[in-house]
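By the UniProt record's numbering, the letter at position 199 of the sequence shown is numbered 199, and the numbering carries on one by one without gaps.
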Amino acid sequence: MDYEAETLRRLQLAELEILRAVDEACSQLGIPYFLDGGTALGAVRHGGFIPWDDDADVGMLRPHYERFLAEAPAVLGPRFVVASPRTHPQMAGMFAKVMLVGTAFQTRETLEAGFDQGVFVDVFPYDCLASDSRAAARQQRACRRQQSLSYLYHSKHITVPHGGVLGACERLACRAAHRLVCSATSPQAIAARFGRAAAAGATRGGAAKAGGGVLAASSVSELGGLTEGQAEPMTVEGSRWATLSYAGTAFPYEVLAPARPIAFEGATLQGPAQPEAFLEALFGPTWTQLPPESQRRNHAPVHLEF
1 MDYEAETLRR LQLAELEILR AVDEACSQLG IPYFLDGGTA LGAVRHGGFI
51 PWDDDADVGM LRPHYERFLA EAPAVLGPRF VVASPRTHPQ MAGMFAKVML
101 VGTAFQTRET LEAGFDQGVF VDVFPYDCLA SDSRAAARQQ RACRRQQSLS
151 YLYHSKHITV PHGGVLGACE RLACRAAHRL VCSATSPQAI AARFGRAAAA
201 GATRGGAAKA GGGVLAASSV SELGGLTEGQ AEPMTVEGSR WATLSYAGTA
251 FPYEVLAPAR PIAFEGATLQ GPAQPEAFLE ALFGPTWTQL PPESQRRNHA
301 PVHLEF
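Here's what the structure looks like:
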């Protein structure tokens, strides 16, 4: 579907309601977060949503993300649902969503997977990368492999990079791969392997201090990673962090934390510690410029309900 201007703005305001609720919950719980991706870009470049954007993202370092999953649902209350692959195995992405109850934002993929997706804000965990560059590359490849398997498991209709005959061949290959993956594994097994790979960048020893607080050991055992007794702390000085559900950019810790206030649609939310450095690393040196209209894409669903 394509958006009418009024519908798109209504969707953005619903997402703003979720962002405000996440901000309030994190403030009450003392959980740091930052606006991520295009939402951070919109905050700095537009003072709010990118005019054509239809989604919203926040990021959290893995230990803070784990606390958010455990503690935020009780604070957010019944108007919101915190969904992750642990609670909703129909989810393909290895990250969480805070959804607005009583709404629907259904794509072809979520319908096929049986995931009852409402209007949402994505919550991306940022994992500590291994200090050795080759080990970090292996860590990222392993996570991307499991994320790709998850998408193939949950839907045979995967977006492919090409059109024409080549694109048709790619779509046929995805359908065949979907059947193969479904017969060979499960969402729980995929999530477990992803969790172990994501935890590979941690280093053994005591907890590390970050932003005035302690980065508690990451509770990745539910994803099949380290148990609490084995949990490895996140070293802060010189560390690099990335969201591993995508081929994400690696950021020095100092670019992400401590979070700083940032204006967004008349609200004061939290952004990365160095927003300009964050955006240049993510979008390149021309991030301040508007892209051509042909590149102004969004994620319009097949069914939207408020």
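No residue lacks a Cβ here, since even glycine has one placed at the ideal position from N, Cα and C.
Cβ-Cβ separation, residue j to residue i (assumed contact under 8 angstroms), whole Å
i	j	result
S245	F95	5 angstroms
S155	E109	4 angstroms
G77	M99	So it is not a contact: roughly 13 angstroms between Cβ atoms.
A184	L152	Contact flag wrong, Cβ pair sits at about 11 angstroms.
I31	F80	Between F80 and I31 the Cβ distance is about 15 angstroms, and since that is not below 8 angstroms, they are no contact.
L41	F283	6 angstroms
Rounded C-alpha distance that separates residue i from residue j
i	j	result
S27	G163	46 angstroms
L304	G238	44 angstroms
residue 309	A168	Residue coverage of the chain in this structure runs from 1 to 306, which leaves residue 309 outside it and unanswerable.
P63	L166	42 angstroms
R10	D53	12 angstroms
G48	I262	10 angstroms
I50	G195	32 angstroms
G102	Q12	16 angstroms
E280	A198	25 angstroms
Q289	L180	43 angstroms
A216	R45	Residue placement at A216 is poorly supported in this model, since its pLDDT is 42, which falls under 50; the coordinates are not used for a value here.
Q274	V255	5 angstroms
A247	P301	23 angstroms
L19	G266	12 angstroms
C-beta neighbour in chain C for residue i, strict 7 angstroms
i	result
R10	Protein chains in the displayed structure number just one, and chain C is not present.
Residues that residue i bridges to, as DSSP identifies them
i	result
F124	G59
W241	C128 and F251
P51	The partner list for P51 (beta bridge, DSSP) is empty, contrary to what the question assumes.
A263	T268
F34	G59
Assigned secondary structure, residue i (DSSP; H/G/I helix, E/B strand, else coil)
i	result
Q139	helix
G225	Reliability fails at G225, whose pLDDT of 38 lies under 50, so the model's placement of it is uncertain and the value that follows must be treated cautiously. In the structure shown, G225 sits in coil (DSSP, three-state: anything other than H, G, I, E or B).
A191	helix
L290	coil
residue 313	As displayed, the chain neither begins before 1 nor continues past 306, which places residue 313 out of reach and without an answer.
Q117	coil
V236	coil
V22	helix
G77	coil
A231	In this prediction, A231 scores a pLDDT of 41, lower than 50, which makes its location untrustworthy; the coordinate-derived value is nonetheless stated afterwards. Note: A231 maps to coil in three-state DSSP.
T103	coil
V302	coil
F95	coil
A83	strand
A197	helix
Minimum C-alpha distance to residue i - residue among the options
i	options	result
A74	V22, R297 and R108	V22
R138	G47, S148 and G201	G201
S150	C182, A281 and L41	C182
R145	P275, E293, A92 and L111	A92
E15	Q289, D57, A135 and A263	D57
V121	C143, V82, A135 and E112	V82
P272	T39, R296 and Q295	T39
Q90	E24, A259, S186 and Q295	S186
Q106	Y65, A130, D55 and P161	D55
M60	I190, A189 and P125	P125
The ligand FMN heavy atom lying under 6 angstroms from the CB of residue i
i	result
V98	With respect to the ligand FMN, the structure shown offers nothing to examine, as it has no ligands at all.
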